[in-house]
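**Q** 18 is the number of the first residue of the sequence shown in the numbering used here; add one for each residue after it.
Ideal Cβ placement from N, Cα and C applies to all residues, glycine included.
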Amino acid sequence: MALAPLCVAVARGAARPAPRGPRPFLLGLVTGLVAFAGTVSWTSDVLAIFGGLNAALAWALAALLIAYLAVYPALFSLTLTTAVARAGTPALALAPILWVGTEWLRGTLFTGFPWVLLGYSQSDVMAPLQVASVVGIYGLSGLVACPSAALALLLVPTPGRRRARLGAAVVLLALPAAGAVWGAARVSRQALLDGPVARVALVQGNVPQGQKWDPAYRGEILSRYLSLTQRVATQDVDLVVWPESSTPFVFGRDGIETEVMRAGIVEARVPVVFGSDEVLGPTEFYNSAFVMDATGEIRGSYRKMQLVPFGEYIPVRWLLFFASPLVEGFSDFSAGQTLTLLPVAGHRLSVAVCYEAVFPGLSRQAVQQGSQLLATITNDAWYGTSAAPYQHFQQARVRAVETGRYLVRAANTGISGVVDPYGRVVVQSPLFETGTWIGEIRWLDGLTPYVRLGDAVAWACMLVVGTLLVLPLRESVGRRGRTGP
């Protein structure tokens, strides 16, 4: 019901005879500022601790991010105001559609930042979560917005339109109820749990961020990963997964460490998926994932495609002269150009590296290409004990439901885990604990409706948003034409 107050304020403002001015935009902007200040304020700590910025500058840059994200709820408020002003209070029923459209824009424009979307609030609620298998996370956001719109319809009286308001409210309440009933039935059938079984071990090295690239710790870190792998390999596992950038050296370039690692994995006699930096030339520097088989041979690799702004590359570097410590504190990675699958024992898996796990289109594309298992490797040590590692794991879980695949996630400091195709957590590690966790998965085939259709619902909602944004502009141009000389 979190959007109901904003919807009520929009409806009351749209009913006023006076010109609306900036009020609709400001209503949504304030809503967005409060929401994102409460959910992504941890970015200030990342910038201060690992970007080398003083606290004031770190907070200023975090505030800029929050302000940018708040623009999208402001666009939602603006378009909803236009709809209500034209069609009356019953147009509040469009709120879920408009919310989906503006969320999709936030997740797409300028490389996108689809973090803490409204639909992720359902990641722990199995029945409604299943709707993501049909309409994806954006469609699930629309379902979550429906009760807010229904409540607003009931709270804003409109003479002569009572029946229309009540009818719209009933429909808006029935949609999530129907989704939950269908979702509960889907989970009870267990139809997706039918495929070859494998045991996957997740290695959580728990390496502090300050030690990862310190040469003094290189041998200790590699020894830790190899000893954990060799120990867990004795427990009848079919695959071991290490986190993002788990090697404290550049695999393939640093010859001695590469051969030590190869020998250790051959001794364990189990295939390993691991993350490492990859250098191909003076300007080609990738964040990559590899799979090494039990004989020590590399059977495939994937180069991260969706890089983190201000973490793995600096957009508009020339403009950020005031944040030179941040610019100098991070390296510029190159973006991979091809989504490649990794072969393991006659099966194929896809890897999302860290931030990529929050982009539904990447996992959908991987499954379309034949991925039978989703793997995520990440390093969330940057986030400390903030909300971010929990948010990151919560969001990755939804990819399993959207695609109908198991998800295995190895994180340097946690949260590592195994999630089944219904979004249920099979195995979950605590934060900042060194060890291994084993989960049973199945290599799965078949395509969910979401994999087949993609974000068609979100596209349609975005077109409605675009139409309502253009209408006030056309009216303004028309007024100037009528009143001009």
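#1: On the DSSP bridge assignment, give the partners of Phe291 in chain order.
#2: So, is Asn71 buried or exposed, given that buried needs 16 or more other C-beta atoms within 10 angstroms?
#3: Hey, how far is the Cα of Trp116 from the Cα of Ala31?
#4: Between the alpha carbons of Gly431 and Pro406, how many angstroms are there, rounded?
#5: Mind reading off the beta-carbon distance from Leu192 to Cys163? Whole number of angstroms is fine, and I expect it under 8 Å.
#6: At the level of alpha carbons, what is the spacing between Arg103 and Pro131?
#7: What is the residue span of the beta strand (DSSP E) that Ala218 lies within?
#8: Between Tyr439 and the ligand SAH, is the CB less than 8 Å from at least one heavy atom?
#9: Taking the beta strand (DSSP E) that Gly452 falls in, what are its first and last residues?
#10: What whole-angstrom Cβ distance do Gly156 and Ala413 have, given they're in contact under 8 Å?
#11: Measuring alpha carbon to alpha carbon, tell me which of Trp76, Val289, Glu237 ends up nearest Trp259.
#12: Determine which residues share a DSSP beta bridge with Ala369 and list them.
#13: Return the CA-CA distance between Ala218 and Val257, expressed in angstroms with no decimal places.
#14: For Thr99 and Leu448, which I take to be in contact (beta-carbon distance under 8 Å), what is that distance rounded to the nearest angstrom?
#15: Between Ala473 and Val152, what straight-line distance do the alpha-carbon atoms span, to the nearest angstrom?
#16: Taking buried to mean at least 16 other C-beta atoms within 10 Å of its own C-beta, is Glu276 buried or exposed?
#17: Rounded C-beta distance between Ser367 and Glu419? I'm assuming under 8 Å.
#18: Apart from the five residues just before and just after Met322, which ones in its own chain have a Cβ nearer than 6 Å to its Cβ?
#19: Within its chain, find whatever has a CB closer than 6 Å to the CB of Pro36; leave out the 5 residues flanking it on each side and keep chain order.
#20: Can you tell me which of the three DSSP states Ile315 falls into?
#21: With DSSP run on the structure shown, which of helix, strand or coil describes Glu419?
#22: With distances taken from CA atoms, which of Pro41, Ala208, Val188 is nearest Gln147?
#23: Under DSSP, the beta strand (DSSP E) around Gln445 begins and ends at which residues?
#24: What does the alpha-carbon distance come out to for the pair Ile238 and Val481?
#25: Alpha carbon to alpha carbon, how far is Arg469 from Gly200?
#26: Determine the extent of the alpha helix (DSSP H) in which Ala72 is found, giving its start and end residues.
#27: Cα-Cα, which of Asp349, Ser403, Val47, Thr56 is closest to Pro299?
#28: What first and last residue would you give for the beta strand (DSSP E) that runs through Ala427?
#29: How many Å lie between Val344 and Val63 at the Cα?
#30: Run through DSSP, which three-state label would Pro326 get?
**A** The relevant details are as follows:
#1: Numbered from its first residue, the sequence shown carries residue 291 at position 274. According to DSSP, which records beta bridges pairwise, Phe291 is partnered with Phe307.
#2: On the sequence shown, position 54 is the one that residue 71 refers to. With fewer than 16 other Cβ atoms from the protein chains shown falling within 10 Å of its own Cβ, Asn71 counts as exposed.
#3: The residue you call residue 116 lines up with position 99 of the sequence shown. The residue you call residue 31 lines up with position 14 of the sequence shown. The alpha-carbon of Trp116 is positioned some 18 Å away from that of Ala31.
#4: As a position in the sequence shown, residue 431 is number 414, starting the count at 1. As a position in the sequence shown, residue 406 is number 389, starting the count at 1. Using only the alpha carbons, I get a separation of about 7 Å.
#5: Within the sequence shown, the letter at position 175 stands for residue 192. Within the sequence shown, the letter at position 146 stands for residue 163. With a Cβ gap of about 5 Å, Leu192 and Cys163 count as contacting.
#6: Indexing the sequence shown from 1 puts residue 103 at position 86. Indexing the sequence shown from 1 puts residue 131 at position 114. So the alpha carbons of these two residues sit roughly 31 Å apart.
#7: Here the question's residue 218 lines up with position 201 in the sequence shown. Here the beta strand (DSSP E) through Ala218 covers 214 to 221.
#8: Ligands in the displayed structure: none, and consequently the ligand SAH is not present.
#9: As a first step, residue 452 is located in the sequence shown; it is residue number 435 there, counting from the start. Looking at the DSSP string, the run of the beta strand (DSSP E) that includes Gly452 is 452 to 459.
#10: Indexing the sequence shown from 1 puts residue 156 at position 139. Indexing the sequence shown from 1 puts residue 413 at position 396. No, Gly156 and Ala413 are not in contact; Cβ-Cβ is about 18 Å, not under 8 Å.
#11: The count along the sequence shown starts at 1 and reaches residue 259 at position 242. Among Trp76, Val289, Glu237, the Cα nearest to that of Trp259 belongs to Val289.
#12: As a working note, residue 369 is residue 352 in the sequence shown. Paired residue(s): Thr393.
#13: The residue labelled residue 218 in the question sits at position 201 within the sequence shown. The residue labelled residue 257 in the question sits at position 240 within the sequence shown. Computed Cα separation, rounded: 5 Å.
#14: By 1-based counting over the sequence shown, the position of residue 99 is 82. By 1-based counting over the sequence shown, the position of residue 448 is 431. Their Cβ separation, rounded to whole angstroms, is 45 Å, which puts Thr99 and Leu448 out of contact at 8 Å.
#15: Along the sequence shown, read from residue 1 onward, the residue named residue 473 stands at position 456. Along the sequence shown, read from residue 1 onward, the residue named residue 152 stands at position 135. Inter-residue distance for Ala473 and Val152 is about 8 Å (C-alpha atoms, whole angstroms).
#16: Taking the sequence shown and counting its residues from 1, one reaches residue 276 at position 259. That one is exposed.
#17: Mapped onto the sequence shown, residue 367 falls at position 350. Mapped onto the sequence shown, residue 419 falls at position 402. In fact, because the Cβ distance is near 13 Å, the residues do not count as touching under 8 Å.
#18: For the purposes of this step, residue 322 is identified with residue 305 of the sequence shown, where counting begins at 1. The answer, listed in chain order, is Ala352, Gly353.
#19: The residue given as residue 36 occupies position 19 in the sequence shown. Residue confidence is low: Pro36 scores 49 on pLDDT, short of 50, so the model does not pin down where it sits. No coordinate-derived value is stated.
#20: As a first step, residue 315 must be located in the sequence shown, where it is residue number 298. DSSP places Ile315 in strand when its eight states are reduced to three.
#21: Against the sequence shown, residue 419 aligns to sequence position 402. The DSSP-derived three-state label of Glu419 is helix.
#22: Numbered from its first residue, the sequence shown carries residue 147 at position 130. When the alpha-carbon of Gln147 is set against those of Pro41, Ala208, Val188, the nearest one is in Ala208.
#23: One-based indexing of the sequence shown puts residue 445 at position 428. Gln445 -> beta strand (DSSP E) spans 442 to 445.
#24: Against the sequence shown, residue 238 aligns to sequence position 221. Against the sequence shown, residue 481 aligns to sequence position 464. Near 52 Å, if we compare the C-alpha coordinates of Val481 and Ile238.
#25: Start at 1 with the first residue of the sequence shown, and residue 469 comes out as number 452. Start at 1 with the first residue of the sequence shown, and residue 200 comes out as number 183. Their backbone Cα atoms lie some 19 Å apart in a straight line.
#26: The residue you call residue 72 lines up with position 55 of the sequence shown. It spans 72 to 104 - the alpha helix (DSSP H) in which Ala72 sits, taken as one unbroken run.
#27: Position 282 of the sequence shown, counted from the first residue, corresponds to residue 299. The candidate whose alpha carbon is nearest that of Pro299 is Asp349.
#28: Locating residue 427 in the sequence shown gives position 410, counting from the first residue. Ala427 -> beta strand (DSSP E) spans 424 to 428.
#29: The sequence position of residue 344 within the sequence shown is 327, counting from 1. The sequence position of residue 63 within the sequence shown is 46, counting from 1. Caution applies to Val344, whose pLDDT of 48 falls short of 50 and renders its modelled position unreliable; the model cannot decide the point.
#30: Reading the sequence shown from its first residue, position 309 is the one you call residue 326. Here Pro326 carries a strand assignment [DSSP, helix/strand/coil].
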